[in-house]
């Protein structure tokens with residue numbers, strides 16, 4: 001099939017970008033979206049043009065690198081997948097596909113479609129860890145954890161930090177990401193000693209990075225490739241208000 | 001900055017203020033609606049005027065009313081502050097953004113709906129609240145027969161600065177209870193006969209409905225109350241009580257006066 005691509009091209013963070021239209025002809029429906037862009041890039045290189053810059057790594061939906069805003073939705077029109085898992089059969093012949101980078105003050109464009117998402121790393125560094133020595137491998141079930149709690153913690157831990165939640169949110173809010181990182185440890189025994197310090201430190205860093213506020217639209221959970229639920233946001237709020245207003249635990 | 005100030009200037013703290021003031025305004029709506037249902041009573045406004053007097057002169061309610069005015073202002077100001085912060089968080093927008101595919105319409109338009117409501121509140125209060133407190137309104141004198149409470153004679157008394165806002169005595173010789181009160185009912189009845197005013201009310205109540213369909217349940221999510229057992233109940237209340245029943249009954253008042261009085 002043949003497609004028209006409208007791709008955001010931007011030389012670097014300091015220049016203004018603009019849309020450039022490309023033709024992608026003879027696209028196989030079995031290609032992944034990134035493979036389609038690889039083919040377009042090969043043509044550009046052959047012509048001596050600068051290829052389209054985009055982030056990618058594992059190409060199997062677990063690394064969180066790929067980050068394309070396709071036709072108005074992060075990771076394209078399907079649910080529960082990253083851009084690399086999106087296949088061209090999701091599009092129709094002669095479709096126009098608009099490809100943009102994540103848009104957020106906290107995610108400045110590096111080049112074209114690649115954005116600098118180190119704001120997420122700084123939030124993690126602020127408190128998204130357990131600072132005890134884990135020692136040797138413990139025996140299984142030494143610490144009993146109810147199945148539902150373990151499952152919920154695991155669901156939160158599946159966040160790959162791609163930033164689709166920020167990209168989807170009309171306020172560029174990072175609360176789904178931060179709440180998932182807060183929850184995965186708040187739910188488990190190992191995370192308890194630092195539970196209330198962690199949530200305060202991570203929320204403070206999130207605010208310092210310039211992300212927006214949550215208006216509970218639910219766009220983040222609808223677009224999350226790992227289908228992280230906004231229950232996490234409620235949990236983060238609960239922990240934060242507990243720490244700030246009831247327990248008086250300092251950061 | 002103190003811990004308290006830090007808490008309420010954080011993104012979560014600001015949302016907590018929105019949720020708390022919003023829920024308080026929701027509880028007020030119930031009280032306001034129950035009181036205003038007196039308008040449907042066919043007693044030339046006697047019950048409604050008594051209710052208006054009670055609401056403006058009973059001390060605990062007066063205290064709560066100042067809390068209410070503060071809540072409206074705080075809710076609006078914080079909405080503005082949060083929205084400006086959100087706009088700053090995305091200085092360059094998307095060329096294409098398919099919000100309709102991942103979020104409900106109400107959740108994306110709280111600001112517009114809220115602005116409609118704020119304009120409505122200003123008009124609504126300047127027309128009734130301001131007039132009742134400051135304008136030289138006439139008085140209504142109700143003479144109710146002690147033998148038959150449904151036998152009410154109404155007469156109008158002119159404005160008199162010395163007259164009490166509300167007085168109530170029993171004239172045993174004439175066999176009548178005499179109630180004289182500032183006639184807010186007359187202002188209401190007159191307003192609700194004005195076409196554009198009725199239209200404004202109906203549009204505003206539609207905005208209220210959509211604002212609360214998202215707002216009510218959203219407040220509970222913000223404070224972190226998402227117990228799986230209670231979320232369906234909260235959602236039911238948000239949609240059917242605050243999103244449908246309350247706005248419909250409020251809108252029914254001007255419509256009833258316009259067409260049937």
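Residue numbers (the UniProt record's numbering), protein chains in the order written: chain A, 1 to 251; chain B, 1 to 261. All C-beta atoms in this analysis are idealised placements derived from N, C-alpha and C, irrespective of residue type, glycine included.
Beta-carbon neighbours of residue i, restricted to chain A and to distances below 8 angstroms
i, result
"residue 76(B)", "Residues of chain A passing the Cβ test: none, with the nearest at roughly 15 angstroms."
"residue 110(B)", "215"
As assigned by DSSP and simplified to three states, the class of residue i
i, result
"residue 43(A)", "helix"
"residue 107(A)", "strand"
"residue 171(B)", "strand"
"residue 186(B)", "helix"
"residue 59(A)", "coil"
"residue 209(A)", "coil"
"residue 69(A)", "strand"
"residue 237(B)", "helix"
"residue 177(B)", "strand"
"residue 139(B)", "strand"
"residue 87(A)", "strand"
"residue 174(A)", "coil"
"residue 130(B)", "helix"
Below-8 angstroms beta-carbon distance, residue i vs any chain A residue
i, result
"residue 16(B)", "yes"
"residue 229(B)", "no"
"residue 186(B)", "no"
"residue 180(B)", "no"
"residue 223(B)", "yes"
"residue 162(B)", "no"
"residue 86(B)", "yes"
"residue 232(B)", "no"
"residue 207(B)", "no"
"residue 21(B)", "no"
"residue 82(B)", "yes"
"residue 243(B)", "no"
"residue 107(B)", "yes"
"residue 115(B)", "no"
"residue 238(B)", "no"
"residue 2(B)", "no"
Minimum Cβ-Cβ distance from residue i to chain B less than 8 angstroms
i, result
"residue 39(A)", "no"
"residue 11(A)", "no"
"residue 231(A)", "yes"
"residue 120(A)", "no"
"residue 171(A)", "yes"
"residue 218(A)", "yes"
"residue 241(A)", "yes"
"residue 19(A)", "yes"
"residue 245(A)", "yes"
"residue 211(A)", "yes"
"residue 186(A)", "no"
"residue 114(A)", "no"
"residue 82(A)", "no"
Alpha-carbon to alpha-carbon, residue j and residue i
i, j, result
"residue 120(B)", "residue 168(B)", "34 angstroms"
"residue 137(B)", "residue 74(A)", "60 angstroms"
"residue 172(A)", "residue 166(A)", "5 angstroms"
"residue 134(B)", "residue 108(B)", "39 angstroms"
"residue 180(A)", "residue 157(A)", "7 angstroms"
"residue 6(B)", "residue 36(B)", "41 angstroms"
"residue 45(B)", "residue 60(B)", "24 angstroms"
"residue 243(A)", "residue 95(A)", "51 angstroms"
"residue 127(B)", "residue 231(B)", "38 angstroms"
"residue 227(B)", "residue 220(B)", "10 angstroms"
"residue 22(B)", "residue 217(B)", "11 angstroms"
"residue 141(A)", "residue 134(A)", "15 angstroms"
"residue 171(B)", "residue 181(B)", "16 angstroms"
"residue 30(B)", "residue 246(B)", "8 angstroms"
"residue 237(A)", "residue 143(B)", "58 angstroms"
"residue 115(A)", "residue 102(A)", "7 angstroms"
"residue 40(B)", "residue 78(B)", "36 angstroms"
"residue 22(A)", "residue 50(A)", "13 angstroms"
"residue 203(A)", "residue 178(A)", "7 angstroms"
"residue 146(A)", "residue 111(A)", "46 angstroms"
"residue 242(B)", "residue 207(B)", "12 angstroms"
Under 7 angstroms from the C-beta of residue i: neighbouring residues of chain A
i, result
"residue 96(B)", "71, 72, 98"
"residue 226(B)", "231, 234"
Contact set between residue i and chain B, taken where Cβ atoms lie within less than 7 angstroms
i, result
"residue 223(A)", "102"
"residue 207(A)", "10, 11"
"residue 104(A)", "89, 90"
"residue 237(A)", "12, 222, 223, 224"
"residue 168(A)", "102"
Partner residues on chain B for residue i, Cβ-Cβ distance less than 9 angstroms
i, result
"residue 76(A)", "What residue 76(A) touches in chain B: nothing, since even the nearest Cβ is about 10 angstroms away."
"residue 180(A)", "In chain order: nothing, as chain B lies at least about 15 angstroms away."
Per-residue contacts from residue i into chain B (C-beta, under 8 angstroms)
i, result
"residue 203(A)", "10, 11, 12"
**Study point:** Segments assigned alpha helix (DSSP H), at least 4 residues, entirely inside the segment 40 to 110 of chain B
**Key:** 46 to 57, 59 to 89, 105 to 108
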